[in-house]
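Number of protein chains: 2
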Amino acid sequence: MNRALNFNAGPAVLPETVLKEAEKNWLNFNDTGMAVMELSHRSKEYETIHHQAISLLRNLLSIPDSFEVLFLQGGASLQFSMVPLNFLTEGRTGNYVLTGAWAEKALTEAEKVGKTFISASSKNQQYKAIPTGNIEISADAAYLHITSNNTIYGTQWQQFPTNARIPLVADMSSDLLSRKIHIEDFDLIYAGAQKNLGPSGVTVVIIQKKLLSESGSHLPTMLNYNTYANHNSLYNTPPTLAIYLLKLVLEWAKGLGGLTVIEQRNEEKAMILYDAIDCSEGFYLGHAEKESRSKMNVTFNLHNEETATNFLHQAKEEGFIGLNGHRSVGGCRASIYNAMPMEHVLQLAEFMKKFKKSN
Amino acid sequence: MNRALNFNAGPAVLPETVLKEAEKNWLNFNDTGMAVMELSHRSKEYETIHHQAISLLRNLLSIPDSFEVLFLQGGASLQFSMVPLNFLTEGRTGNYVLTGAWAEKALTEAEKVGKTFISASSKNQQYKAIPTGNIEISADAAYLHITSNNTIYGTQWQQFPTNARIPLVADMSSDLLSRKIHIEDFDLIYAGAQKNLGPSGVTVVIIQKKLLSESGSHLPTMLNYNTYANHNSLYNTPPTLAIYLLKLVLEWAKGLGGLTVIEQRNEEKAMILYDAIDCSEGFYLGHAEKESRSKMNVTFNLHNEETATNFLHQAKEEGFIGLNGHRSVGGCRASIYNAMPMEHVLQLAEFMKKFKKSN
């Protein structure tokens, strides 16, 4: 079977071995005579899947016991609201670093809940870089919120801000599990699964237990992180099939050798495409500034619009999928998450060189 | 392959043909070289799936154009909060009929938002029946909320309350698509998918367009029904795989002959089990009063506790899954949603007769 050259920004390509493992067990999971999604979420079989997914995340990311690992629904978009609803209490200020459209959306939701403060922003530079200057923290800051990787602009934090004084909250939807991180530097990490973790429909939250105690009981039950922490994310029926697929992706990641190997692979893949851009003598133009470049989303344009249109058209004809840049930025974007095979990246680089030659 | 005798209350048995259809397309959906969950939610292929799921729901349930069909996440539990957050405005009262634990949870969430009123309740009768008396409506009622089928107690509304004066909101998580309903009698219907509709992880909401205008813009974006209505449930990444599986279940339902056929099958299946109870001369005791009996969840006990334990033990040995009653009620429960094959119901009735004979 020919796998597509899938450069989608998310939902995105998943590991072929994961798909095949799920296929093998599809109709009859572990000889139960049931598909995974037919299992009761209170059954021994499902609870094992659930527990394994949590354990694998703990193991791969070296998550200490002082943190909870939770499974939610609603994607990062619901987290934009849950973070301020839980922690932006009266008299305090939600601090936000603006690095792109998703960070702006997170800020907008916080503004509905309480006071906010923009700690740093690269909006005036069309979000071509992660802000390099000082990150200003307001008085009475409830937390500092950042977006670790910006899919639309192709930028990524290379070094995270460190300020032990206030909780650090990170939207890692598009790069959690793609590189080593030091969990203790954060207080809350959230990620929709559909980039590096699995299918859409499940959100991973990693949260410091100490922070949980600040969340009030007045909240709607399903919007309170404590509900998930107190019930092992089984207060109500979780998205069992999505969590099963997440578990398979985590097993695959562990089998590869964990985050050290994955990070190295991702650096190699990104290097191949950035080299194709940088060695093109201005034929391809990277959107992000070099020191902020993302290893997950390589954004670029061509030296003129007509050629860019031709490039995207011809790429599509050759089977490359999802190379159009986000509608708000235009140009091209190659999303190369964990499951993107090296061979497909090499094929794209080859195509870029070939196209340049003939244009 | 032997399919399990799966009487789980939900997640529950799904149609075998649906599982096989999904399996066939698992690795390579429509010759795209991608699995469904690898498709971009902005792609033509996924948009077709999304549109078909909505169309099939409209068609099967005869949903008029004056209603929106929305896909959300978070299950019925999140709807318990979204209904009051959207419609329980200052000075108005959320009216609730209590018919079981889920209705109580819905009420609890509304109490966090505003004023509430219990319009009727069968709590004093251990929820053995749907309240038969008058449904009292408070002054300034925002809506009347009911739970159409009560999985734990095995009761089901046979005739819905009609009061055109105030909006009728129904949690139909466990019986939407199991019988004919007249959509125009309702203003908002919601249902977690994991009983009759598909896997867990997607919630169907059917809402009158007129009602949508009452919802305020102050709400968190993901908790405002208008967000979903204005973006065709594609504001953020939807749970694409779950919606695809929902679509397959809806195609299966249509292929069976739609709700007329499905309702008749469900009545026949329920009759077989209720007959086994009623003809047992008191060996089996139905929990619900006859006129309130659910066609989805048949709840019963045995004449003494020891025999009940033996029954559940022996049933398990013979391969029957999920027959334990909910932990809050005890006894036995056979959940027989749309996808439960008639043969499995007959096998259970046969087992009940055999067990009675030898005890």
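Quick mapping for you: the protein sequence lines, in order, are chains R and L. Just so you know, we're using our numbering here: the first sequence kicks off at 2 and counts up by one. Just so you know, we're using our numbering here: the second sequence kicks off at 2 and counts up by one. Positions of the beta carbon are idealized from the N, C-alpha and C atoms, including for glycine. Owing to the predicted nature of the structure, the values given are computational and were not obtained by experimental measurement.
**OP:** Count the other C-beta atoms from every protein chain shown that fall within 10 angstroms of the C-beta of LYS211 (chain R), then say buried if there are 16 or more, exposed otherwise.
**Re:** Counting from one through the first sequence, the residue named residue 211 (chain R) turns up at place 210. Counting other Cβ atoms within 10 Å of its Cβ, LYS211 (chain R) stays below 16 and is therefore classed as exposed.
Subject >> chain L within 7 Å of ARG4 (chain R), Cβ atoms only >> reply: Numbered from its first residue, the first sequence carries residue 4 (chain R) at position 3. So, interface residue.
**OP:** Please state whether DSSP places PHE118 (chain R) in a helix, a strand or coil.
**Re:** Within the first sequence, residue 118 (chain R) is the residue found at index 117, counting from 1. In this structure, PHE118 (chain R) counts as strand in the three-state DSSP scheme.
Original post:
Name the chain R residues whose beta carbon is nearer than 8 Å to that of ALA36 (chain L)?
Top reply: As a working note, residue 36 (chain L) is residue 35 in the second sequence. Within 8 Å Cβ-Cβ: LEU15, LEU20.
**OP:** Could you tell me if the beta carbon of LYS25 (chain L) falls within a distance shorter than 6 Å of some heavy atom in the ligand COA?
**Re:** As for the ligand COA, it is missing from this structure, which has no ligand bound.
Original post:
Does any C-beta atom of chain R lie closer than 7 Å to the C-beta of GLN348 (chain L)?
Top reply: Here residue 348 (chain L) is taken as the residue at index 347 of the second sequence, counted from 1. No, because no Cβ of chain R sits closer than 7 Å to the Cβ of GLN348 (chain L).
Subject >> TYR128 (chain L), DSSP secondary structure in three states >> reply: In the second sequence, residue 128 (chain L) corresponds to position 127, counting from 1. Coil, per DSSP.
**OP:** Using beta-carbon positions only, say whether VAL250 (chain L) and LEU274 (chain L) come within less than 7 Å of one another.
**Re:** For the purposes of this step, residue 250 (chain L) is taken as residue 249 along the second sequence, with counting starting at 1. For the purposes of this step, residue 274 (chain L) is taken as residue 273 along the second sequence, with counting starting at 1. Taking 7 Å as the Cβ cut-off, VAL250 (chain L) and LEU274 (chain L) do not qualify as a contacting pair.
Original post:
With a cut-off of 7 Å, does the C-beta of TRP27 (chain R) fall near any C-beta of chain L?
Top reply: What you label residue 27 (chain R) is simply residue 26 of the first sequence in a count that begins at 1. Interface criterion met: the Cβ of TRP27 (chain R) is under 7 Å from a Cβ in chain L.
Subject >> Neighbour-count burial assignment, PRO239 (chain L), 16 or more Cβ in a 10 Å radius >> reply: Taking the second sequence and counting its residues from 1, the one referred to as residue 239 (chain L) is at position 238. Label assigned to PRO239 (chain L): buried.
Original post:
What is the DSSP secondary structure of THR163 (chain L), counted as helix, strand or coil?
Top reply: As a working mapping, residue 163 (chain L) is identified with position 162 in the second sequence. When secondary structure is reduced to three states using DSSP, THR163 (chain L) falls in the coil class, being assigned neither helix nor strand.
Original post:
Name the residues in the segment 106-126 of chain R whose C-beta lies less than 9 Å from a C-beta of chain L; which are they?
Top reply: Result list: LYS106, THR109, GLU110, LYS113, VAL114.
Original post:
Between the beta-carbon of SER234 (chain L) and the beta-carbon of PHE72 (chain L), is there less than 7 Å?
Top reply: Position 233 of the second sequence, counting from 1, holds the residue named residue 234 (chain L). Position 71 of the second sequence, counting from 1, holds the residue named residue 72 (chain L). The answer is yes: Cβ separation under 7 Å.
Subject >> Neighbourhood of GLY290 (chain R) by C-beta, 7 Å cutoff - its chain only, sequence neighbours within 5 removed >> reply: Indexing the first sequence from 1 puts residue 290 (chain R) at position 289. The sequence as given places Glu at residue 290 (chain R); Gly does not occur at that position. Here the set comprises LYS129, ALA130.
**OP:** Locate the beta strand (DSSP E) running through SER336 (chain L), then write down its first and last residues.
**Re:** Translated into the one-based positions of the second sequence, residue 336 (chain L) becomes position 335. Where SER336 (chain L) is concerned, the enclosing beta strand (DSSP E) stretches over 333-336.
Original post:
What number of angstroms, rounded off, separates the C-alpha of VAL302 (chain R) from the C-alpha of VAL330 (chain R)?
Top reply: To locate residue 302 (chain R), count along the first sequence from 1; it is residue 301. To locate residue 330 (chain R), count along the first sequence from 1; it is residue 329. Note that residue 302 (chain R) corresponds to Asn in the displayed sequence, not to Val. In this structure, the straight-line span from the alpha carbon of ASN302 (chain R) to that of VAL330 (chain R) is close to 10 Å.
Subject >> Backbone secondary structure at LEU61 (chain L) - three-state DSSP >> reply: The residue labelled residue 61 (chain L) in the question sits at position 60 within the second sequence. It is helical.
Original post:
Under a three-way DSSP split, which group does ARG266 (chain R) fall into?
Top reply: Stepping through the first sequence from its first residue, residue 266 (chain R) is reached at position 265. ARG266 (chain R) falls in the helix class under three-state DSSP.
**OP:** Indicate the three-state DSSP secondary structure (helix, strand or coil) for LEU86 (chain R) in the structure shown.
**Re:** Residue 86 (chain R) sits at position 85 when you count from the first residue of the first sequence. Note: LEU86 (chain R) maps to helix in three-state DSSP.
Original post:
Could you check where the beta strand (DSSP E) with ILE207 (chain L) kicks off and where it finishes?
Top reply: Position 206 of the second sequence, counted from the start, is the residue given in the question as residue 207 (chain L). Bounds of the beta strand (DSSP E) holding ILE207 (chain L) are 204-209.
Original post:
Does the beta carbon of SER82 (chain L) come closer than 7 Å to any beta carbon on chain R?
Top reply: Looking up residue 82 (chain L) in the second sequence gives position 81. It does: the Cβ of SER82 (chain L) has a partner Cβ on chain R nearer than 7 Å.
**OP:** Spell out a yes or no on whether the segment 37-46 of chain R and the segment 37-54 of chain L are touching, meaning 3 or more CB-CB pairs, one atom from each, closer than 8 Å.
**Re:** Touching, no, given that fewer than three Cβ pairs across the two stretches are closer than 8 Å.
Original post:
Applying a beta-carbon distance threshold of less than 8 Å, which residues of chain L neighbour GLN74 (chain R)?
Top reply: Indexing the first sequence from 1 puts residue 74 (chain R) at position 73. Under the 8 Å cutoff, chain L gives GLN74, GLY75, GLY76, LEU79, GLY202, PRO240.
Subject >> Pick from R:ASP141, R:SER123, R:GLN127 that is closest to ILE147 (chain R), judged by C-alpha positions >> reply: Translated into positions along the first sequence, residue 147 (chain R) becomes position 146. Out of R:ASP141, R:SER123, R:GLN127, R:SER123 has the C-alpha closest to the C-alpha of ILE147 (chain R).
Original post:
Along chain R, which residues have their Cβ under 7 Å away from the Cβ of MET223 (chain L)?
Top reply: Locating residue 223 (chain L) in the second sequence gives position 222, counting from the first residue. Neighbours of MET223 (chain L) on chain R, chain order: GLY75, SER78, LEU79, SER82.
Subject >> Within the segment 151-197 of chain L, ranges of the beta strand (DSSP E) (whole runs, at least 3 residues) >> reply: Counting whole runs of 3 or more residues, the segment 151-197 of chain L contains the beta strand (DSSP E) stretches 169-172, 189-193.
Original post:
Taking a cut of 7 Å between CB atoms, which residues from the segment 36-56 of chain L lie near chain R?
Top reply: Of all residues in the segment 36-56 of chain L, ALA36, MET38, GLU39, LEU40, SER41, HIS42 have a Cβ within less than 7 Å of some Cβ in chain R.
Original post:
When the distance is taken between beta carbons, is PRO16 (chain R) closer than 7 Å to ALA340 (chain R)?
Top reply: Mapped onto the first sequence, residue 340 (chain R) falls at position 339. Mapped onto the first sequence, residue 16 (chain R) falls at position 15. Yes. Within cutoff.
Subject >> Rounded C-alpha distance that separates GLY95 (chain L) from PRO168 (chain L) >> reply: In the second sequence, the residue the question calls residue 95 (chain L) occupies position 94. In the second sequence, the residue the question calls residue 168 (chain L) occupies position 167. Looking at the two C-alpha atoms, the distance is approximately 10 Å.
Subject >> Contact set between the segment 139-151 of chain R and chain L, restricted to residues whose Cβ is under 8 Å from the partner >> reply: When CB distances to chain L are screened at a threshold of 8 Å, not a single residue of the segment 139-151 of chain R falls below it.
Subject >> Interfacial residues, the segment 249-278 of chain L to chain R, with Cβ spacing under 7 Å >> reply: Those would be none; no residue qualifies.
Original post:
When Cβ atoms are compared, which residues of the segment 332-347 of chain R fall closer than 8 Å to chain L?
Top reply: For the segment 332-347 of chain R, which is checked against every Cβ of chain L, not one residue is closer than 8 Å.
**OP:** Tell me, to the nearest whole angstrom, how far the beta carbon of GLY320 (chain L) is from that of LEU108 (chain L); I am working on the premise that it is less than 8 Å.
**Re:** Residue mapping note: residue 320 (chain L) aligns to position 319 of the second sequence, counting from 1. Residue mapping note: residue 108 (chain L) aligns to position 107 of the second sequence, counting from 1. 39 Å between Cβ atoms; not a contact.
Original post:
Could one say the Cβ of GLY323 (chain L) lies closer than 7 Å to chain R's Cβ atoms, at least one of them?
Top reply: Indexing the second sequence from 1 puts residue 323 (chain L) at position 322. For GLY323 (chain L), a Cβ of chain R is located within less than 7 Å of the residue's own Cβ.
Original post:
If we cut at 7 Å on Cβ distances, does THR33 (chain R) have a partner in chain L?
Top reply: Residue mapping note: residue 33 (chain R) aligns to position 32 of the first sequence, counting from 1. Closer than 7 Å to some Cβ of chain L, the Cβ of THR33 (chain R) qualifies, so yes.
Subject >> DSSP beta-bridge partners of ASN302 (chain L) >> reply: Looking up residue 302 (chain L) in the second sequence gives position 301. Looking at the DSSP output, ASN302 (chain L) bridges to L:LEU286.
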